[in-house]
Amino acid sequence: MILVVGATGTLGGMITRRLLDRREQVRVLVRPNADFLELQNAGAEPVLGDLKNPDSLGTALEGVDVVVTTANSAARGGEDNPQTVDLQGNRNLIDAAGRAGVKQFIFVSALGASPDSPIPFLAAKGNTEEHLRRSGMAYTILAPNVFIEVWIPMIVGGAVQAGRPVTLAGEGRRQHAFVSMDDVAAFAVAAVNNPRALNQYIAIGGPDAVSWRDVVGIFERVTGQEIPVRAVTPGEPLPGLPATVSQLAAGMESYDSPVDMSETARAYGVELTSVEEFVRRAYQQ
């Protein structure tokens, strides 16, 4: 039995559907107000629980061999934040999985996560990685770069469709290997019960590194229109976006993140999606 945590989110849903397509037995941890009917109809077994409530996790973990978790607070608010979900919530899940005898724990972290990060989201992810390594369970840490399907529409695509200037944190010239969530889902499923993936940290990026200015250029080629760009000081709020997103966008202006995926993609049998492929598929008229 495989337990997916975060299955009602985009990435978790992709992983769940891929596992079901592979005829795996899949259980999904869901909160009472979550929309899980589609996953249930597809063959997943829903169990109510919440990472913030450790007492709710035992039933979900009964008979589970593998845990895959994508749960995070990035797009949430209120009681769901890096401290309660990404740090303490994941710690609750790891501890409960250890007590339940789980054989493999697959944690979707983030490239750049570190306990020393000044960004709370990445610090929480980094602390969770360390806690998982100390747990005694066999683990797989997937560390994807920034997601194409999240960041490209959020920073560029939405503004282009609304006819507004694109707002960038800083000059937008740092190079990042944006990665497709569907490709990350493929890596997660390929890691399940895979001896090659046990006790491994796997960095995941796209096939090439591009800057935000490059992304704007791709949109100009695909749409045939000139796109105005407005730069704000890194750390300033980006219009209409959560504070965590503004923090992460500012952080992206402090480093480059190319990832050589040639060996990893071949080893796990994943064909990578480029930013231009995504933009042409999603935005070409």
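My numbering puts the first residue of the sequence shown at -8, with every later residue one more than the last.
For each residue, glycine too, the CB sits at the ideal point set by N, CA and C.
query	result
Just how far apart, CA to CA, sit Phe96 and Val57?	6 angstroms
Quick check on the DSSP output: what are the complete alpha helix (DSSP H) runs of length 4 or more inside the stretch 143 to 183, in order along the chain?	149 to 153, 172 to 182
Should Gly215 be labelled buried (16 or more other beta-carbon atoms within 10 Å of its own) or exposed?	exposed
For Tyr259, collect the residues of the same chain with a Cβ closer than 7 angstroms to its Cβ; drop the 5 residues on either side in sequence, then sort them by chain order.	Phe178, Ala181
Go ahead and pull the three-state DSSP assignment for Ala62.	coil
Going by alpha carbons, who is nearest to Glu121 out of Glu70, Gly154, Val183, Asn190?	Asn190
Is any heavy atom of the ligand MN found at a distance shorter than 6 angstroms from the C-beta of Asp56?	Inclusion of the ligand MN in the displayed structure is not the case, the ligand content being empty and no account of it being possible.
In whole angstroms, what separates the C-alpha of Arg165 from that of Glu244?	6 angstroms
Strictly by DSSP, which residues pair up with Pro37?	Val19
How many Å lie between His167 and Trp142 at the Cα?	11 angstroms
Excluding five sequence neighbours on each side, which residues of the same chain lie with their C-beta closer than 6 angstroms to the C-beta of Gln31?	Pro37
Give me the Cα-Cα distance between Ser265 and Gly0, rounded to the nearest whole angstrom.	22 angstroms
Check whether the Cβ of Arg212 lies closer than 7 angstroms to any Cβ atom in chain D.	No chain D is part of this structure, which consists of one protein chain only.
So, at 8 angstroms on beta carbons, what are the nonlocal neighbours of Leu229 in its own chain, with the 5 sequence-adjacent residues on each side left out?	Ile146, Thr158, Ala160, Val223, Val236, Ser237, Ala240
Within the continuous alpha helix (DSSP H) that includes Pro198, where are the two ends?	Here Pro198 belongs to no alpha helix (DSSP H), and DSSP marks it neither H nor E.
Just mark Tyr130 as buried or exposed, buried being the case when its beta carbon has 16 or more other beta carbons within 10 Å.	buried
How many angstroms separate the CA atom of Arg125 from the CA atom of Leu10?	27 angstroms
Which residue wins for smallest C-alpha separation from Glu281, given the options Gly149, Ile195, Met128, Leu52?	The structure shown does not extend to residue 281, since the chain is modelled only from -8 through 276, so no value can be given for it.
Put Tyr246 into one of helix, strand or coil per three-state DSSP.	coil
Rounding to the nearest angstrom, what Cα-Cα distance links Leu52 and Lys116 in this structure?	22 angstroms
Of all the options Val19, Ala200, Arg212, Thr61, which has the alpha carbon lying nearest to the alpha carbon of Val270?	Arg212
If we count the other Cβ atoms within 10 Å of its Cβ and call it buried at 16 or more, is Leu39 buried or exposed?	exposed
Which of helix, strand or coil does DSSP assign to Pro135?	strand
Exposed or buried, what is Glu140 when buried is set at 16 or more other beta-carbons lying within 10 Å of its beta-carbon?	buried
Looking only at C-alpha atoms, which of Ala114, Tyr274, Asp247, Leu48 sits nearest to Ile209?	Tyr274
According to the neighbour-count rule (16 or more other Cβ atoms, all chains shown, within 10 Å of its Cβ), is Asn24 buried or exposed?	exposed
Using only CA atoms, which one of Glu15, Thr61, Pro225, Lys43 lies nearest to Met172?	Thr61
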